[in-house]
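In UniProt numbering, the protein residues as written are 1 to 76.
Heads up, the beta-carbon is just placed ideally off N, CA and C, and yes, glycines get one too.
Here is the structure we will look at.
So this is what it looks like as structure tokens:
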């Protein structure tokens, strides 16, 4: 478990540090584009779910998911 915690700590610190960073490797860039495409697709499907249900609790949960997808896409 300590290795996992150390890895998470390193990832968080890499976002916090304000250093000159090397450009992304092509595989890393591809991963970002795939994530962006999947987040957009899932957002559209979740919005369709909002429009097709009448359950208020489910609508609220789906709206929270849509808001999360929007914030993630804007963060990239």
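Alpha-carbon to alpha-carbon, residue j and residue i
i          : j          : result
residue 53 : residue 41 : 19 Å
residue 45 : residue 65 : 11 Å
residue 16 : residue 48 : 36 Å
residue 31 : residue 75 : 15 Å
residue 34 : residue 57 : 30 Å
First through last residue of the alpha helix (DSSP H) which encompasses residue i
i           : result
residue 111 : Shown here, the chain extends from 1 to 76; a query on residue 111 therefore has no answer.
residue 56  : 56-75
Contact under 8 Å by Cβ, residue i with residue j
i          : j          : result
residue 24 : residue 73 : no
Proximal residues to residue i (C-beta, below 7 Å), its chain only, five neighbours per side dropped
i         : result
residue 6 : none
Chain-order list of residues whose beta-carbon lies under 8 Å from that of residue i (same chain, five-residue window excluded)
i          : result
residue 70 : 43
Other residues of its chain near residue i: CB distance less than 6 Å, five sequence neighbours each side excluded
i          : result
residue 51 : none
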